[in-house]
Amino acid sequence: MKKINMFSPAKRFYNVDSRVVELPGTALNLMGCTLAPGQESQPHNHFEDELFIFTEGHGLVRTAQETLEVNAGDAVHCARFESHTIRNLSDRQPLHFHSLYWDAGQLQPSEAEPPVDTLIFSTPPTPNGDLHLGHLSGPYIAGDVLKRVLSNSGAKVFYGSGRDDNQTYVLTCAAKENTSPKACADHYAQAIRETWQGFGIDMDLFITPDNQGEYADFAHHYLQRLHDQGLIYAKDTPVFVDDQGNALHEAFLNGGCPHCGESSDGNACEACGQPNQCTDLTQPRVKRDGRQPQLRIETRLFFRLSAFADDLSKYVQTANMPAHVYQLCHTMLTQGLPDICISHRSDWGIRHRLPSMQDQVMYVWFEMAFGYLWGASDLPVAGADRFARAAHCYSGSMDIVHCYGFDNAYYHTLLFPAVYLALGLTPPRHHVVNELLDLDGSKFSTSRRHLIWGKDFLAETGSDYARMALMLTRPEGMRSNFTVTRICARINELFPEKLSAWMQRLQARLAEHGGKIPEPGAWLSDQKNYHDELRQWIEGYRQAASTSTFSPLRMAEQVAQVIDRVSRFSAAQDYLLSAPGQPLSNHARTSLALQALTARWLAYATYPLMPGLSEQLTDLLNLAERECDPQQASAFFAAGHAPALHLRLELPRLSAEALARLMPGQTG
1 MKKINMFSPA
11 KRFYNVDSRV
21 VELPGTALNL
31 MGCTLAPGQE
41 SQPHNHFEDE
51 LFIFTEGHGL
61 VRTAQETLEV
71 NAGDAVHCAR
81 FESHTIRNLS
91 DRQPLHFHSL
101 YWDAGQLQPS
111 EAEPPVDTLI
121 FSTPPTPNGD
131 LHLGHLSGPY
141 IAGDVLKRVL
151 SNSGAKVFYG
161 SGRDDNQTYV
171 LTCAAKENTS
181 PKACADHYAQ
191 AIRETWQGFG
201 IDMDLFITPD
211 NQGEYADFAH
221 HYLQRLHDQG
231 LIYAKDTPVF
241 VDDQGNALHE
251 AFLNGGCPHC
261 GESSDGNACE
271 ACGQPNQCTD
281 LTQPRVKRDG
291 RQPQLRIETR
301 LFFRLSAFAD
311 DLSKYVQTAN
321 MPAHVYQLCH
331 TMLTQGLPDI
341 CISHRSDWGI
351 RHRLPSMQDQ
361 VMYVWFEMAF
371 GYLWGASDLP
381 VAGADRFARA
391 AHCYSGSMDI
401 VHCYGFDNAY
411 YHTLLFPAVY
421 LALGLTPPRH
431 HVVNELLDLD
441 GSKFSTSRRH
451 LIWGKDFLAE
461 TGSDYARMAL
471 MLTRPEGMRS
481 NFTVTRICAR
491 INELFPEKLS
501 AWMQRLQARL
511 AEHGGKIPEP
521 GAWLSDQKNY
531 HDELRQWIEG
541 YRQAASTSTF
551 SPLRMAEQVA
561 QVIDRVSRFS
571 AAQDYLLSAP
581 GQPLSNHART
591 SLALQALTAR
601 WLAYATYPLM
611 PGLSEQLTDL
621 LNLAERECDP
631 QQASAFFAAG
641 HAPALHLRLE
651 LPRLSAEALA
661 RLMPGQTG
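Numbering of the sequence shown is given in the UniProt record's numbering, commencing with residue 1 and proceeding in unit increments.
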């Protein structure tokens, strides 16, 4: 129990003597107010709703629309931004009243998703080369952004990928570079990990497949279970071979896609995303020499994908996936799902152990379904062995998110879910998918060297700028085009020009008026408009940062829009600022409080996208720790909070000339 004198000590606000009373643990604010005899408060408005409860005296409450006479026992409610005054009608007695006020427009905790433990996977890249910007703009930075977003919620979040060693593209790369497939895979897997590290991508899990050890045993355990259920069967089928009798699939073969007619390698088409049988390609050619392949009948293993048509139809309707991916699934389900060949005659990969199949290896995209389970089995979750831990993760107890490019969509939305359903597991609920990124109007291409390597771009931009540049141009829902000159100009405009200049201006204004952030005062119409816009951007960012509607592109766009807007807002508000050393007007207090609020939210919102900038803003605002709570990050600072005015944002300009030299065909 605590006794409080409601009316003293007091400070003067709007010509009213007011005593602020703390109400810890609530969203309400309380003041005891005294208006002297014959006095009237200054006209003002604010972003909070306010309830006046009159306890002694006789007065008037005026708004633009009406006037109310009040006495002790009366209460009057004023809506947020409703301008009002209070007048004491007595010449001898004070007017006493209580003011209760609250932010009726604040984002409510119930709107946020409850924290859910989450496992995020990005498709393991093929170690036949380092990563270029086309790769990085897709799953890898996106997965890291999502991990950082969800970590703010208090959930346990794990992010993993790996190396897809058993791809035939490793074989063709090794032959071209005159090295062994293993040496090729090891070299480029290390290069890929270094690139991830440079971009600030932090992996908790890393899948390293092996052909004969524990990983291979793990994959065969599940394959045997599927075989025992009758879901894997052997069938004699035509196979393409070259003039030396080598079986042709994937990287060894090219032709026209039987579904869309575009150029396609064996087994799957990058353009339309649908699988093929290799022998149904039009005008097929052996990649090594351009000759026409020959047909041979061989016995191979197939997975009964067709048996899961009904279950997959239901799954596709409930999982989160973009329109293009949904339409691919719908098309394949409507046409009738094919059974998928899961064995190829080869010396590279995990050899089958079923009778008479030891000269064939497991189809690498079928293997990947088990690869994700292997990665999950490394998590510190309940389970006595790898199989139990993998089953726990894919039991529905965790949110599973798969990040990948559209060309991998059929595997992640139909093939892998069918495997997991057959094993009694729960398929991933969320699919974060990117389309292709073009470079100056043409597809990124390693073979044609039409690309910019990730490490080269990083050396010129730094991690923060590189991440933001790729998220602002991320190909979500449709292909997008990366142009060096355009993205260089945009990054320079946003950060060294607008953000840095605005923050210096805000620091200078605060320094001129005591060095502390004021609480909001009265509000002008342009301040109300800006505040409403800021709330809309905050809400848009929150939706983009939600697992079910995740969009790193929209997150980056919201941050960019706020920087654009606050730069203009700040310049226009300078007219309100009084001379140094003079008291701030009520409207000037609102202006500075709004700008400080914007900086606070940017410190929160940039963390997933630009961790270094977030850290700088956190230090500059003198926050005790990084903002993790979106509600707190979108609230005004307590009056008197002192930022670190001696610090400056370090936001260098990018060199357009240096970046232009990274373009294909340019030399240093």
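In this text, a Cβ means the ideal position worked out from N, Cα and C, and glycines have one as well. Keep in mind the model is a prediction, meaning the values are calculated, not measured.
Would you mind reading off the limits of the alpha helix (DSSP H) that contains residue i?
| i | result |
| --- | --- |
| Ile487 | 484-492 |
| Ser99 | First-last for Ser99: 95-102, but that is the beta strand (DSSP E), not the alpha helix (DSSP H). |
| His77 | His77 -> not in any alpha helix (DSSP H); beta strand (DSSP E) instead, spanning 75-78. |
| Glu512 | 500-512 |
| Val364 | 364-376 |
| Gln558 | 552-573 |
| Arg467 | 463-472 |
| Asn434 | No alpha helix (DSSP H) holds Asn434; the beta strand (DSSP E) holding it covers 430-434. |
| Val381 | Careful: Val381 lies outside any alpha helix (DSSP H) and carries neither H nor E. |
| Val149 | 141-151 |
| Pro322 | Segment: none, Pro322 is in no alpha helix (DSSP H) and carries neither H nor E. |
On the premise that residue j lies in contact with residue i, defined as a C-beta separation below 8 Å, what is that separation, rounded to the nearest angstrom?
| i | j | result |
| --- | --- | --- |
| Thr168 | Phe302 | About 19 Å separates the two Cβ atoms, so there is no contact after all. |
| Ile517 | Trp601 | Contact doesn't hold; Cβ gap of about 14 Å is too wide. |
| Phe370 | Phe218 | 6 Å |
| Leu100 | Ile141 | Not really, about 46 Å apart at Cβ, beyond 8 Å. |
| Leu662 | Val484 | 7 Å |
| Val381 | Arg389 | 5 Å |
| residue 676 | Tyr530 | Since the first residue of the chain shown is 1 and the last is 668, residue 676 is not available in this structure. |
| Pro293 | Leu248 | 5 Å |
| His450 | Leu524 | Their Cβ separation, rounded to whole angstroms, is 52 Å, which puts His450 and Leu524 out of contact at 8 Å. |
Considering only their Cβ atoms, is the gap separating residue j from residue i smaller than 8 Å?
| i | j | result |
| --- | --- | --- |
| His412 | His431 | yes |
| Asn128 | Tyr188 | yes |
| Ser548 | Asn320 | yes |
| Pro124 | Ser180 | no |
| Ser41 | Ile86 | yes |
| residue 705 | Leu281 | As displayed, the chain neither begins before 1 nor continues past 668, which places residue 705 out of reach and without an answer. |
| His98 | Met1 | no |
| Phe240 | Thr279 | yes |
| Leu205 | Phe550 | no |
| Val21 | Gly32 | yes |
| His77 | Thr34 | no |
| residue 672 | Met398 | Not covered by the structure: residue 672. The range shown for the chain is 1 to 668. |
| Ala117 | Lys156 | Inspection of the sequence shows that residue 117 is occupied by Asp rather than by Ala. Closer than 8 Å, so yes. |
| Glu460 | Ser655 | yes |
| Phe199 | Ser463 | yes |
| Gly515 | Ala642 | yes |
| Lys498 | Asp564 | yes |
| Asp619 | Leu647 | yes |
| Ile297 | Asp236 | yes |
Keeping to the same chain, check which residues put their C-beta closer than 6 Å to that of residue i; ignore five residues upstream and five downstream.
| i | result |
| --- | --- |
| Ser110 | Note that Ser110 scores 40 on pLDDT, short of 50, meaning its location in the model is unreliable; the coordinates nonetheless yield the value given after this. Excluding sequence neighbours, Ser110 sits near nothing in its chain. |
| Leu649 | Ser500, Met503, Gln616 |
| Asn71 | His58 |
| Gln108 | With a pLDDT of 49 at Gln108, under the threshold of 50, the modelled position of that residue is not reliable, and no figure is offered here. |
| Ala271 | Cys260, Glu262 |
| Leu337 | Leu305, Ser306, Ala309 |
| Thr446 | Gly129 |
Considering residue i, what are the terminal residues of the beta strand (DSSP E) in which it resides?
| i | result |
| --- | --- |
| Asn254 | 253-256 |
| Pro630 | It is not in any beta strand (DSSP E) - Pro630 instead sits in the alpha helix (DSSP H) that spans 630-633. |
| Met31 | 29-35 |
| Leu301 | 294-303 |
| Glu56 | 49-56 |
| Met398 | Looking at the DSSP string, Met398 is not in any beta strand (DSSP E), and its letter there is neither H nor E. |
| Gly162 | 157-162 |
| Arg345 | 343-345 |
| Arg19 | 16-21 |
| Ile232 | 232-241 |
| Pro284 | 282-286 |
Closer than 8 Å by C-beta to residue i: which residues in its own chain qualify, once you throw out the five before and the five after it? Chain order, please.
| i | result |
| --- | --- |
| Arg12 | Ser18 |
| Tyr410 | Ala268, Gly273, Gln274, Pro275, Leu328, Cys329, Met332 |
| Thr667 | The pLDDT assigned to Thr667 is 45, lower than 50, so where the model puts this residue is not dependable, and the model offers no usable value. |
| Gly383 | Ser377, Arg389, Ala390, Ala391, His392 |
Near residue i, which residues of its chain fall below 7 Å by C-beta distance, leaving aside the five closest residues on each side in sequence?
| i | result |
| --- | --- |
| Trp453 | Asp130, His132 |
| Leu421 | Phe308, Asp311, Pro427 |
| Arg653 | Asn492, Pro496 |
| Thr195 | Asp130, Leu131, Gly454, Lys455 |
Under the criterion of a Cβ to heavy atom distance below 7 Å, does residue i qualify as lining the ligand PLP?
| i | result |
| --- | --- |
| Arg345 | The ligand PLP is not among the ligands present in this structure, which contains no ligands whatsoever. |
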